[in-house]
Amino acid sequence: MPSTLADLEIATFAIDEIVEGTQTGRSDRRLSVSLPQLAVGAGHPALAEATVEVVRPGDPVRITNVLDAVLPSVKAEDPAGTFPGVLGPLAHAGRGRTNRLDGVAVLSVCNWEASGHAEAGTFPDAFVDMAGPGAGLSPYGGTVNMVLRFRPSEGAPVAEADRAIRIETLRVARDLAAITLGDDPDGIAPVRLPQPGESDSSLPAVAVILQVASEGPLLDTLLYGEPLGGLVPTLLDPREVVDGALTNGAYDWAGVRNHTATYQRATLVRELLAGHGDRLRFAGLILALGYLDTARQKQRSAMLSARLAEQLGADGVVCTTFSSGNSHTDTMLTVRACERLGIRATALVCETNGGLTDHVPEADCLVSTGNEDELVEPWTPGRIVGSDGPGRAGERVPTWSYLGACVQTGDERWTAAPA
Amino acid sequence: MGIPTVFVTALPTIAQMVGANRVLRGVSITHPTGDPSLAAGDELELRTSIVGRALEMLGTDVEPRTVWGVDGP
Amino acid sequence: MDGGARMTVAHYLNQFFAGLGGEEHAGQEPVRLDGPTGPGRGLAAAGLSVDVTLVCGDDRFGEHEDASLATLLGWLDELRPDVLVCGPSFGSGRYGYACGVLAREAGRRGIPVVAAMTPDSPGVIAAEGAAYVVPTGSSVAAMRETLPVVASLASRLAAGDAIGAPEDEGYLPRGLRRNVLSDRSGAARAIDMLLAKLAGDVRTEVVPTADRVPPPPALADASDATVALVTEAGCVPQGNPDRLPSRHANVWLRYPLDGVDSLTADGYGTVHAGFDTTAANADPNRLVPLDAARRLEAEGSIGRLHDAFYTTSGVDTPVATAATFGREIAEELISSGVQAVILTGT
Numbered sequence: 002m003p004s005t006l007a008d009l010e011i012a013t014f015a016i017d018e019i020v021e022g023t024q025t026g027r028s029d030r031r032l033s034v035s036l037p038q039l040a041v042g043a044g045h046p047a048l049a050e051a052t053v054e055v056v057r058p059g060d061p062v063r064i065t066n067v068l069d070a071v072l073p074s075v076k077a078e079d080p081a082g083t084f085p086g087v088l089g090p091l092a093h094a095g096r097g098r099t100n101r102l103d104g105v106a107v108l109s110v111c112n113w114e115a116s117g118h119a120e121a122g123t124f125p126d127a128f129v130d131m132a133g134p135g136a137g138l139s140p141y142g143g144t145v146n147m148v149l150r151f152r153p154s155e156g157a158p159v160a161e162a163d164r165a166i167r168i169e170t171l172r173v174a175r176d177l178a179a180i181t182l183g184d185d186p187d188g189i190a191p192v193r194l195p196q197p198g199e200s201d202s203s204l205p206a207v208a209v210i211l212q213v214a215s216e217g218p219l220l221d222t223l224l225y226g227e228p229l230g231g232l233v234p235t236l237l238d239p240r241e242v243v244d245g246a247l248t249n250g251a252y253d254w255a256g257v258r259n260h261t262a263t264y265q266r267a268t269l270v271r272e273l274l275a276g277h278g279d280r281l282r283f284a285g286l287i288l289a290l291g292y293l294d295t296a297r298q299k300q301r302s303a304m305l306s307a308r309l310a311e312q313l314g315a316d317g318v319v320c321t322t323f324s325s326g327n328s329h330t331d332t333m334l335t336v337r338a339c340e341r342l343g344i345r346a347t348a349l350v351c352e353t354n355g356g357l358t359d360h361v362p363e364a365d366c367l368v369s370t371g372n373e374d375e376l377v378e379p380w381t382p383g384r385i386v387g388s389d390g391p392g393r394a395g396e397r398v399p400t401w402s403y404l405g406a407c408v409q410t411g412d413e414r415w416t417a418a419p420a
Numbered sequence: 014m015g016i017p018t019v020f021v022t023a024l025p026t027i028a029q030m031v032g033a034n035r036v037l038r039g040v041s042i043t044h045p046t047g048d049p050s051l052a053a054g055d056e057l058e059l060r061t062s063i064v065g066r067a068l069e070m071l072g073t074d075v076e077p078r079t080v081w082g083v084d085g086p
Numbered sequence: 039m040d041g042g043a044r045m046t047v048a049h050y051l052n053q054f055f056a057g058l059g060g061e062e063h064a065g066q067e068p069v070r071l072d073g074p075t076g077p078g079r080g081l082a083a084a085g086l087s088v089d090v091t092l093v094c095g096d097d098r099f100g101e102h103e104d105a106s107l108a109t110l111l112g113w114l115d116e117l118r119p120d121v122l123v124c125g126p127s128f129g130s131g132r133y134g135y136a137c138g139v140l141a142r143e144a145g146r147r148g149i150p151v152v153a154a155m156t157p158d159s160p161g162v163i164a165a166e167g168a169a170y171v172v173p174t175g176s177s178v179a180a181m182r183e184t185l186p187v188v189a190s191l192a193s194r195l196a197a198g199d200a201i202g203a204p205e206d207e208g209y210l211p212r213g214l215r216r217n218v219l220s221d222r223s224g225a226a227r228a229i230d231m232l233l234a235k236l237a238g239d240v241r242t243e244v245v246p247t248a249d250r251v252p253p254p255p256a257l258a259d260a261s262d263a264t265v266a267l268v269t270e271a272g273c274v275p276q277g278n279p280d281r282l283p284s285r286h287a288n289v290w291l292r293y294p295l296d297g298v299d300s301l302t303a304d305g306y307g308t309v310h311a312g313f314d315t316t317a318a319n320a321d322p323n324r325l326v327p328l329d330a331a332r333r334l335e336a337e338g339s340i341g342r343l344h345d346a347f348y349t350t351s352g353v354d355t356p357v358a359t360a361a362t363f364g365r366e367i368a369e370e371l372i373s374s375g376v377q378a379v380i381l382t383g384t
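Protein chains in written order, with our numbering: chain B, 2 to 420; chain D, 14 to 86; chain H, 39 to 384.
Pasting the structure below:
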């Protein structure tokens, strides 16, 4: 029975500039924001301090200890329902109109080690450079960024501090987008779930297997606000993925893992939906974990993902990968399990200096999202945000340091070619 | 599918590099399953524990390119 | 290099080429010598003046990699050479590996490296593209033709000159990849490639650099299983009746174990040319642990030992040959009902 609720549509508003002012409003491609009125961090005892500043493309700034990037989004008919399960009450995401800013991102920054919530050396570098040789590696080197820097309260439980940071980041993202409420958008894109039987059944049916990871606080992916540890492969409505049901709480390996904006952009899903009825049929979206602990758990999850793909009637699947290391084994086992059921598989993986982390013979159709180990030329920024330390100024740094650089979901254009 | 194989070698890094999945660290390059500095009885005990550990590894599901020592993973 | 600023050149050798001894000195701890030694003098004759020679025993490096590397890299950090030459290591597996690892780590410190070894040497993979590797034959007879190529590459690298393509300059393709921006998103490419695969046209953007096989499932119950012993340590009956070569072995052999409870020094030995065989010849169970395996079989930990062991000498063995041997031995073992293998190597 097709849904009676309105399909999802993304209304985009292009923004080039954010000016700090006493009033909050929008004039064409410029937002004016009163930063104090945002009251970032207020009302969260787990946060000792929260600051906000605007950082712009071309600024000689390296932003460090970046946790997440969120695209400003608000539910046009029900702003309080944005990001259900985290900000808004628990309800289906993915229906009705969502206003989204194009050209702006909200970045959360926190040094967990300095606050004593993580042991030294737990978190690798996580940068966004607004200028210099690394600026083009992260998509956020080219967006106007509202940078929220948080300092957790000493002794606050890490899960509470993290939850406060995530809520505040999503809230600012919502409140920025809310400036556009009532305005005419620059574009409206429908995100429509295909109905069975409405398209040519001779077209190949393609499903997505979206890999996430959820290994505990600071390493979690959240579905309607709850961490996904223990997830058995399941089906999600692609509209809910695009519209805020999935949010990020994982902060290591910035260059190769997903972040919240990855789910909001969902380029792979949107391209498949756009191609539905034309050169393919969209069969569905499977959510599955990577980084499962044992070989047996990995094989079981791969098997169950493949079985779901079969139930969806998929002729082929595109498998994404979350971060590097042993999740590549999850991807490879999933490819193999699908192929063994006669479902052809393509996967997105990043490379390392040592080549592919793992491989199976059936993985003969791989998209490379780039070499995460490639060193980027040194840069000395004028200013470092998010750290009191030197922030690797003047040092070569690996590509994995840059948020989203080699993300293995297909949103970016970085790849590797023979040198 | 093949049969499980444990590779006993004192160069486990090379073994991993070329893709061996169950690697047990041997005593030395020149005597992977022995130790001439031990008395004969003790050496046989050592060798028995190496082979025992190899059997254990054969009986364990592993991630690709896993290295164990005789005394602990 | 004529004129210009003085370059600093470092040269890495193993114990043998540094003149410190043969296999019996393979445990040599890292040593630093002034000026060229051994093949370093040949480099000098070819126009590359070596300032410092770093030496480490092959076994020492293999068995104490972290500590050996720390020492060697500490010296390189002090020296800050303009170029490092490793080897030539020719067909040596352990020496080649040490050269490759040192090259990789030196590369991470921004030091250009030239190495020379057979294309199948594990050092090529270990270097991860950090070194310009000149391909050589497997024996030291290739020294004379190799040194001038090494010297030329190293001089120019030290001077900061651009190096030409592998086929023009005589080094192995480094297997390096560079990040580039495609004109389309990974998502768009993935969809195109999947639809092409569904239509029978399979394309990929990246291939594995080395053979990968997933781990076979674990043995359910060793006490009920047939287990075989296989070795690349060149273990053979005394007198080497079938003349297993000590290097470049082009065969593998099988020998019966019915009624044999131990590989005694009288009955067996090793012909492997790649390591000091004193300890192994004194007790070949140190290579193929038959006595211990029989004990475990007698007490029921192993169902039964296969009635033969398999042997070859893994010295200068081309990868393709080794892969063929592995496949052939595996086929025979599996068709004989063997369920698990203990493989030993040096």
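Every residue, glycine too, gets a C-beta built ideally from N, C-alpha and C.
Given this structure, state the Cα-to-Cα distance separating Pro173 (chain H) from Glu207 (chain H), to the nearest angstrom.
Distance from the CA of Pro173 (chain H) to the CA of Glu207 (chain H), rounded to the nearest whole angstrom, comes to 11 Å.
By Cβ distance, which residues of its chain are closer than 6 Å to Val159 (chain B), with the 5 residues on each side in sequence left out?
Within the same chain, Cβ atoms closer than 6 Å to the Cβ of Val159 (chain B) are found at His118 and Pro218, the five residues on either side in sequence being excluded.
Taking beta-carbon pairs under 7 Å, can you tell me which members of the stretch 62-75 of chain D lie near chain B?
Within the stretch 62-75 of chain D, the qualifying residues are Asp74 and Val75.
Any 3 or more C-beta pairs closer than 8 Å across the stretch 188-208 of chain B and the stretch 314-334 of chain B:
With the cut-off at 8 Å, the stretch 188-208 of chain B and the stretch 314-334 of chain B touch.
Straight-line CA distance for Arg78 (chain D) to Arg240 (chain B)?
Distance between the alpha carbons of Arg78 (chain D) and Arg240 (chain B): 40 Å.
Taking only beta-carbon positions, decide if Leu325 (chain H) is within less than 8 Å of chain B.
With respect to chain B, the C-beta atom of Leu325 (chain H) has no partner C-beta closer than 8 Å.
Does DSSP classify Cys94 (chain H) as helix, strand or coil?
In this structure, Cys94 (chain H) counts as strand in the three-state DSSP scheme.
Cβ pair count under 8 Å reaching 3, the stretch 338-357 of chain B against the stretch 241-248 of chain H
Judged by Cβ distances under 8 Å, the stretch 338-357 of chain B makes contact with the stretch 241-248 of chain H, as three or more pairs qualify.
Check Leu273 (chain B) in the structure and name its three-state DSSP category.
Helix, per DSSP.
Given 8 Å, three or more beta-carbon pairs between the stretch 271-281 of chain B and the stretch 124-140 of chain B
No, they do not touch.
Extent of the continuous beta strand (DSSP E) run through Gly188 (chain B):
Residues Gly188 to Val192.
For the stretch 349-366 of chain B, which residues have a beta carbon sitting closer than 7 Å to at least one beta carbon of chain H?
Along the stretch 349-366 of chain B, the positions whose C-beta sits under 7 Å from a C-beta of chain H are Leu349, Glu352, Asn354, Gly355, Gly356, Leu357, Asp359, His360, Val361, Asp365 and Cys366, read in chain order.
Return the chain-ordered list of same chain residues with a C-beta closer than 8 Å to the C-beta of Ile180 (chain B), the five sequence neighbours on each side being excluded.
Result list for Ile180 (chain B): Thr25, Gly26, Arg27, Leu32 and Val34, in chain order.
Buried versus exposed call for Asn34 (chain D) [16 or more other C-beta atoms within 10 Å across all chains shown]
Under the 10 Å beta carbon count, Asn34 (chain D) is surrounded by 16 or more other beta carbons and is classified as buried.
Taking 8 Å as the threshold (C-beta atoms), are Val121 (chain H) and Val152 (chain H) in contact?
Going by C-beta atoms, Val152 (chain H) is nearer than 8 Å to Val121 (chain H).
Inter-residue CB distance, Arg384 (chain B) and Pro61 (chain B) (contact presumed, cutoff 8 Å):
Right, the Cβ-Cβ distance comes to about 6 Å (below 8 Å), so this counts as a contact.
Considering just the uninterrupted stretch of the beta strand (DSSP E) at Phe14 (chain B), what are its terminal residues?
Phe14 (chain B): member of the beta strand (DSSP E) spanning Leu9 to Ala15, first to last residue.
Terminal residues of the continuous beta strand (DSSP E) containing Val376 (chain H)?
Annotation for Val376 (chain H): no beta strand (DSSP E) segment contains it, and DSSP assigns it neither H nor E.
Ordered along the chain, which non-local residues of its own chain (more than five positions away) have a Cβ less than 8 Å from that of Met2 (chain B)?
Any reading at Met2 (chain B) is ruled out, since the residue's pLDDT is 44, under 50, leaving its predicted position unreliable.
Determine the burial state of Glu21 (chain B): buried for a count of at least 16 other Cβ atoms within 10 Å of its Cβ, exposed for fewer.
Looking at its Cβ environment, which holds fewer than 16 other Cβ atoms inside 10 Å, Glu21 (chain B) is exposed.
Same chain only: Cβ atoms within 7 Å of Thr330 (chain B), ignoring 5 sequence neighbours per side:
Result list for Thr330 (chain B): Lys299 and Asp359, in chain order.
Please list, in chain order, the residues of the stretch 312-337 of chain H that have any C-beta partner in chain D closer than 7 Å.
Closer than 7 Å at the C-beta level to chain D, one finds these residues of the stretch 312-337 of chain H: Phe313, Asp314, Ala317, Ala318, Ala320, Asp321, Asn323, Arg324, Leu325, Pro327, Asp329, Ala330, Ala331, Arg333 and Leu334.
In chain order, what residues of the same chain lie with their CB nearer than 6 Å to the CB of Asp40 (chain H), ignoring the 5 residues before and after it?
Summary for Asp40 (chain H): the model assigns pLDDT 47, below 50, so the residue's position carries little reliability, and this model does not support an answer.
Starting from the C-beta of Ala192 (chain H), find all residues in its chain whose C-beta is less than 6 Å away, skip the five residues before and the five after it, and write them out in chain order.
Hits under 6 Å: Leu86, Val121, Val123 and Val152.
Looking at the structure shown, is Trp380 (chain B) part of a helix, part of a strand, or coil, going by DSSP?
Trp380 (chain B) falls in the coil class under three-state DSSP.
Could you tell me whether the stretch 299-309 of chain B touches the stretch 218-230 of chain B, where touching means 3 or more Cβ pairs closer than 8 Å?
Segments in contact, no.
Name, going along the chain, the residues of the stretch 301-334 of chain B whose beta-carbon falls closer than 8 Å to a beta-carbon of chain D.
Residues of the stretch 301-334 of chain B with a Cβ closer than 8 Å to any Cβ of chain D, in chain order: Asn327 and Thr330.
Closest to Gln192 (chain B) by CA distance: which of B:Gly276, B:Ser116, B:Arg175 and B:Pro125 is it?
Note that residue 192 (chain B) corresponds to Val in the displayed sequence, not to Gln. Looking at the Cα atoms, B:Gly276 is the closest of the given residues.
Give a yes or no on whether 8 Å exceeds the smallest Cβ distance from Thr382 (chain H) to chain D.
So yes, Thr382 (chain H) belongs to the interface.
Out of H:Leu110, H:Tyr133, H:Ala346 and H:Gly131, state which residue places its alpha-carbon closest to the alpha-carbon of Ser300 (chain H).
Ranking H:Leu110, H:Tyr133, H:Ala346 and H:Gly131 by Cα distance to Ser300 (chain H) puts H:Ala346 first.
Ignoring anything shorter than 4 residues, give me the alpha helix (DSSP H) runs that lie fully in the stretch 320-379 of chain B, in order along the chain.
As far as the stretch 320-379 of chain B is concerned, its whole alpha helix (DSSP H) runs of at least 4 residues are 328-341.
Residue-level contact to chain H via CB, Leu404 (chain B), 8 Å cutoff
The beta carbon of Leu404 (chain B) does not come within 8 Å of any beta carbon belonging to chain H, so the residue lies off that interface.
Using a threshold of 8 Å, state whether the C-beta atoms of Leu177 (chain B) and Leu288 (chain B) are closer than that.
Going by beta carbons, Leu177 (chain B) and Leu288 (chain B) fall outside the 8 Å limit.
Please report the straight-line C-alpha distance between Arg60 (chain D) and Glu227 (chain B), rounded to a whole angstrom.
Cα-Cα distance, rounded: 51 Å.
Would Ala368 (chain H) pass as an interface residue toward chain D - the criterion being a Cβ-Cβ separation below 8 Å?
With respect to chain D, the C-beta atom of Ala368 (chain H) has a partner C-beta closer than 8 Å.
Taking DSSP's pairing of strands, which residues face Pro173 (chain H) in a bridge?
Checking the DSSP bridge columns, you'll see Pro173 (chain H) partnered with H:Met155.
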